[in-house]
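**Student:** Going letter by letter, the sequence shown gives residues 681 to 1195 in the working numbering. For each residue, glycine too, the CB sits at the ideal point set by N, CA and C. All values derive from a computational prediction rather than experimental measurement.
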Amino acid sequence: MRIPRWPALVLLFAAAVGLVLFDRRDPTPERSELTVESTPPLPVAAGSGARASTWYCAGGTGVEGGAADHTVVVVNPSAEIVSGTIEVFGTEILDDASPIYLEPIEEPIEIAPQSSISIRLGDISAAAHVAALVEVASGSVVVEHAVAGPTGTDQAPCASSASDGWYFPAGSTSRDARQVISVFNPFPDDAVVDVTFATDDGNRAPQRFDGVPVPAGTLVPLDVTEVVARWDQLSLAVETRVGRVVADRLVTYDGTTGLTGLTLASGVPRAAPVWVFAAGIAAQGVSQSYAIYNPSPDQPAEVDLEIRLDSPETNGAVEPFELTIPPRRRIVVAVNRDEVHPVSGTVTVDTDTRVPPDIGHSVTVRSFNGVPVAVEQLTTSIDGTGDVALGVASVLGAPATATSMVLALGPAPRRHSLALVNPSFSTIARVNVSLVVDGEITPLDGFDDIEIGPQRRLEIPDLAAVADAEPTLVLIEASSGVVAQLVEGQPGALGLRSSIGIPVGGEVEIPELFG
681 MRIPRWPALV LLFAAAVGLV LFDRRDPTPE RSELTVESTP PLPVAAGSGA
731 RASTWYCAGG TGVEGGAADH TVVVVNPSAE IVSGTIEVFG TEILDDASPI
781 YLEPIEEPIE IAPQSSISIR LGDISAAAHV AALVEVASGS VVVEHAVAGP
831 TGTDQAPCAS SASDGWYFPA GSTSRDARQV ISVFNPFPDD AVVDVTFATD
881 DGNRAPQRFD GVPVPAGTLV PLDVTEVVAR WDQLSLAVET RVGRVVADRL
931 VTYDGTTGLT GLTLASGVPR AAPVWVFAAG IAAQGVSQSY AIYNPSPDQP
981 AEVDLEIRLD SPETNGAVEP FELTIPPRRR IVVAVNRDEV HPVSGTVTVD
1031 TDTRVPPDIG HSVTVRSFNG VPVAVEQLTT SIDGTGDVAL GVASVLGAPA
1081 TATSMVLALG PAPRRHSLAL VNPSFSTIAR VNVSLVVDGE ITPLDGFDDI
1131 EIGPQRRLEI PDLAAVADAE PTLVLIEASS GVVAQLVEGQ PGALGLRSSI
1181 GIPVGGEVEI PELFG
């Protein structure tokens, strides 16, 4: 166990203050007034005390039969009707020509209480690449976006703020993969971005991605695969010289080397000292890895990755992995890795000798020397076992706990597995899980006022089976901060998805760094 260091404590305090400032800022700022200092490290809805909110959904396609047909899902967990607008930005890419930025199209939207609506962006602007800006008269609304194509489906939260930097720990440019970064600037001022990469061979800054202009009110798609060498896994950073943007990543795997899937993810808008994952899987046919990226230009990050097994009194403990990650570099920790799981060979730590098979677990990554990091979990399934679908899913961890969260579920028929973890070293969390079915909120039988002890985890393997219905939303209320993670899919069908619960009001706090 490392001896605590003061810089880490200072960073913890500063990060917590940043979240408080975000929660108290004017809920209806002008777009040009959003400051980088107020950027939270994860999507957040301010809650019922805010008069309005804005969400940014950058990555996807709008043409029929596209690789990632883009749909925006607007979720209203409140008891009131919510109105707003959706503005769709389209971009056409022509061979050997500059992109054509289409005029944005705005339409009104209305969401009934305790329900959601899905809006296919191609029905508004049938462009090759489409993004959306959603503005609603409520602080309780949560916005996600879904993509679907020949290689699978995925769904992820949209961004709730812009930033001057976005970090993607676990991308791929392997022979069977195509990676596209969507850089979205809906603001009235132009932006300029640099895109850099961390690979097994070190840092890369391709000239083509040096000083990329992102004009005001446009979406700029960047096909990484055309420029960067082939790597099974790599990290990248999108950082602005001028302005602020939102960035999403799409990766498609075409099956030529055994893996078929489609993943959608927003980047990390701000690195953080702690990242928590509730859904650790060690099932047959399922592999997971954790890519840890250090975006600091000059400071190494001293990191522990801790795997905490369910029922440790029976299953025992796993010795933490102590890692030193150089500036602008990455390390991957792999769990139960199979031959098709995309990880880089020279910077990968395997846990197969430490993690017993078929034992669920949570994973926590902590930086102890004051250098924040970004962490992403990659899950792959090569057969129908393990109660998950064939395919691949990527998800950023939770850099903060919350006492009130919402998770939007994908369309039926799907199997929804929910995991909750209490990262506290000392506080018991009492949790209520409710489902929304046909617009009605119903407490989940057996999971109301349930106790989760310190450093313990709770898993509900099949929400629909427990509820005897097909829910559309999951609502979570807790007496102290927890992390919720959803894994869903249909066994035997393409389309694996994993997502972290989005805080809606309540208390949002950085998890404890030391026990």
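Which of the three DSSP states is assigned to Glu1019 in this structure?
**Tutor:** As a position in the sequence shown, residue 1019 is number 339, starting the count at 1. It is coil, neither helix nor strand.
**Student:** Where does Arg1142 sit, in a helix, a strand or coil, going by DSSP?
**Tutor:** Within the sequence shown, residue 1142 is the residue found at index 462, counting from 1. Reading off the sequence, residue 1142 comes out as Asp, not Arg. Coil.
**Student:** Under 9 Å, do Asn1112 and Asp1129 count as touching if we go by C-beta distance?
**Tutor:** Residue 1112 sits at position 432 when you count from the first residue of the sequence shown. Residue 1129 sits at position 449 when you count from the first residue of the sequence shown. In contact: Asn1112 and Asp1129 (Cβ atoms closer than 9 Å).
**Student:** Hey, Ser818 and Val762 are a contact pair by Cβ (cut 8 Å); roughly how many whole angstroms apart?
**Tutor:** In the sequence shown, the residue the question calls residue 818 occupies position 138. In the sequence shown, the residue the question calls residue 762 occupies position 82. So it is a contact: roughly 4 Å between Cβ atoms.
**Student:** How do the stretch 966–977 and the stretch 1099–1112 stand: do at least 3 beta-carbon pairs fall below 8 Å, yes or no?
**Tutor:** Cβ pair count under 8 Å is below three, so no.
**Student:** Near Thr734, what residues of its chain come up, given a Cβ to Cβ distance below 6 Å and the 5 sequence neighbours on each side ignored?
**Tutor:** Counting from one through the sequence shown, the residue named residue 734 turns up at place 54. Within the same chain, Thr734 has close Cβ partners Glu815.
**Student:** In the DSSP assignment, what are the bridge partners of Phe877?
**Tutor:** The sequence position of residue 877 within the sequence shown is 197, counting from 1. Looking at the DSSP assignment, Phe877 forms a beta bridge with Arg884 and Leu916.
**Student:** Considering just the uninterrupted stretch of the alpha helix (DSSP H) at Thr994, what are its terminal residues?
**Tutor:** As a position in the sequence shown, residue 994 is number 314, starting the count at 1. Taken as a continuous stretch (DSSP letters only), the alpha helix (DSSP H) holding Thr994 covers Pro992 to Asn995.
**Student:** Report the residue from Phe867, Leu939, Glu906 and Phe877 whose alpha carbon sits nearest the alpha carbon of Trp846.
**Tutor:** Numbered from its first residue, the sequence shown carries residue 846 at position 166. Among Phe867, Leu939, Glu906 and Phe877, the Cα nearest to that of Trp846 is on Phe877.
**Student:** Nearest-angstrom Cα distance between Ile789 and Ile1121?
**Tutor:** Position 109 of the sequence shown, counted from the first residue, corresponds to residue 789. Position 441 of the sequence shown, counted from the first residue, corresponds to residue 1121. Their backbone Cα atoms lie some 23 Å apart in a straight line.
**Student:** Please confirm if the stretch 880–899 is in contact with the stretch 824–840, defined as three or more CB-CB distances below 8 Å between the two stretches.
**Tutor:** At 8 Å Cβ cutoff, the stretches do not touch.
**Student:** Between the Cα of Asp984 and those of Ser976, Phe1001, Glu1189 and Gln887, spot the shortest distance and give me the residue it belongs to.
**Tutor:** By one-based count along the sequence shown, residue 984 stands at place 304. Nearest option by C-alpha distance: Phe1001.
**Student:** Taking all protein chains shown into account, do 16 or more other C-beta atoms lie within 10 angstroms of the C-beta of Arg1010, making it buried, or fewer, making it exposed?
**Tutor:** Here residue 1010 is taken as the residue at index 330 of the sequence shown, counted from 1. Counting Cβ neighbours within 10 Å, Arg1010 comes out buried, since at least 16 surround it.
**Student:** Which term fits Phe693, buried or exposed, when burial requires 16 or more other beta carbons within 10 angstroms of its beta carbon?
**Tutor:** Here residue 693 refers to the residue found at position 13 of the sequence shown. Because Phe693 sits at a pLDDT of 30, beneath the cut-off of 50, its placement in the model cannot be relied upon, and the point is left open.
**Student:** Taking only the alpha-carbon atoms, compute the straight-line gap between Asp703 and Ala726 and give it to the nearest angstrom.
**Tutor:** As a working mapping, residue 703 is identified with position 23 in the sequence shown. As a working mapping, residue 726 is identified with position 46 in the sequence shown. Low confidence applies to Asp703: its pLDDT is 35, below 50, so where it sits in the model is not reliable, and the reading given next is rough at best. Their backbone Cα atoms lie some 6 Å apart in a straight line.
**Student:** Whose CA, out of Gly960, Gln1170, Leu1058 and Val1029, lies closest to the CA of Arg1137?
**Tutor:** Within the sequence shown, numbered from 1, the residue matching residue 1137 stands at position 457. Considering only alpha carbons, the answer is Gly960.
**Student:** Just reading off the beta strand (DSSP E) that Asn1112 is part of, what are its end residues?
**Tutor:** Locating residue 1112 in the sequence shown gives position 432, counting from the first residue. Counting along the chain, the beta strand (DSSP E) containing Asn1112 begins and ends at Ala1109 to Val1117.
**Student:** Can Gln968 and Asp1038 be called in contact, C-beta distance under 9 Å?
**Tutor:** Here the question's residue 968 lines up with position 288 in the sequence shown. Here the question's residue 1038 lines up with position 358 in the sequence shown. Going by C-beta atoms, Gln968 is not nearer than 9 Å to Asp1038.
**Student:** Is it buried or exposed for Phe1105, if we count other Cβ within 10 angstroms and need 16 for buried?
**Tutor:** In the sequence shown, counting from the first residue as 1, residue 1105 sits at position 425. With fewer than 16 other Cβ atoms within 10 Å, it is exposed.
**Student:** What did DSSP end up calling Ala726 once you bin it into helix, strand or coil?
**Tutor:** The residue given as residue 726 occupies position 46 in the sequence shown. The answer is coil: DSSP assigns Ala726 none of H, G, I, E or B.
**Student:** Can you list, in chain order, the residues of its chain with a C-beta nearer than 8 Å to that of Arg888? Leave out the 5 residues immediately preceding and following it.
**Tutor:** Working through the sequence shown from its first residue, we reach residue 888 at position 208. Val907.
**Student:** Three or more C-beta pairs closer than 8 Å, one from the stretch 746–762 and one from the stretch 795–810: is that the case here?
**Tutor:** The stretch 746–762, when compared against the stretch 795–810, does touch it at the 8 Å Cβ threshold.
**Student:** Anyone know if the C-beta pair for Val956 and Val1043 falls short of 9 Å?
**Tutor:** The sequence position of residue 956 within the sequence shown is 276, counting from 1. The sequence position of residue 1043 within the sequence shown is 363, counting from 1. Yes, the Cβ-Cβ distance between Val956 and Val1043 is below 9 Å.
**Student:** Let me know if Val994 comes out buried or exposed under the rule of 16 or more other beta-carbons within 10 Å of its beta-carbon.
**Tutor:** Translated into positions along the sequence shown, residue 994 becomes position 314. Inspection of the sequence shows that residue 994 is occupied by Thr rather than by Val. Answer is exposed; the Cβ neighbour count stays below 16.
**Student:** Fully enclosed by the stretch 773–818, which beta strand (DSSP E) runs are 3 residues long or longer?
**Tutor:** Here the runs fully enclosed are 785–791, 795–800 and 809–816.
**Student:** Within its chain, find whatever has a CB closer than 8 Å to the CB of Ala857; leave out the 5 residues flanking it on each side and keep chain order.
**Tutor:** To locate residue 857, count along the sequence shown from 1; it is residue 177. Correct list, in chain order: Thr905, Val931, Thr932, Tyr933, Asp934 and Pro1022.
**Student:** Quick check on Val768: does DSSP put it in helix, strand or coil?
**Tutor:** In the sequence shown, residue 768 corresponds to position 88, counting from 1. Strand.
**Student:** Helix or strand or just coil, what does DSSP make of Thr715?
**Tutor:** On the sequence shown, position 35 is the one that residue 715 refers to. For Thr715, the pLDDT reaches just 28, beneath the cut-off of 50, and the residue's location in the model is therefore unreliable, leaving the point undetermined.
**Student:** Counting pairs of Cβ atoms below 8 Å between the stretch 1079–1097 and the stretch 1137–1146, do you hit three or more?
**Tutor:** The stretch 1079–1097 is in contact with the stretch 1137–1146.
**Student:** Quick one: what does DSSP say Val998 is sitting in, helix, strand or coil?
**Tutor:** Here the question's residue 998 lines up with position 318 in the sequence shown. Here Val998 sits in coil by DSSP.
**Student:** Going by DSSP, which residues form a beta bridge with Gly851?
**Tutor:** As a working mapping, residue 851 is identified with position 171 in the sequence shown. Leu914.
**Student:** Secondary structure at Ala951, three-state DSSP: helix, strand or coil?
**Tutor:** Counting from 1 along the sequence shown, the entry for residue 951 is found at position 271. In this structure, Ala951 counts as coil in the three-state DSSP scheme.
**Student:** Would you check if the distance between the CB atom of Val1075 and the CB atom of Ile1190 is smaller than 9 Å?
**Tutor:** To locate residue 1075, count along the sequence shown from 1; it is residue 395. To locate residue 1190, count along the sequence shown from 1; it is residue 510. Cβ distance not < 9 Å, so Val1075 and Ile1190 don't count as in contact.
**Student:** Taking only beta-carbon positions, decide if Trp955 is within less than 9 Å of chain D.
**Tutor:** No chain D appears in the structure shown, which is made up of a single protein chain.
**Student:** Can you tell me whether DSSP reads Phe889 as helix, strand or coil?
**Tutor:** The residue labelled residue 889 in the question sits at position 209 within the sequence shown. If DSSP states are grouped into helix, strand and coil, Phe889 belongs with the helices.
**Student:** Give the straight-line distance between the Cα atoms of Asp749 and Thr771, rounded to the nearest whole angstrom.
**Tutor:** For the purposes of this step, residue 749 is taken as residue 69 along the sequence shown, with counting starting at 1. For the purposes of this step, residue 771 is taken as residue 91 along the sequence shown, with counting starting at 1. Cα-Cα distance, rounded: 14 Å.
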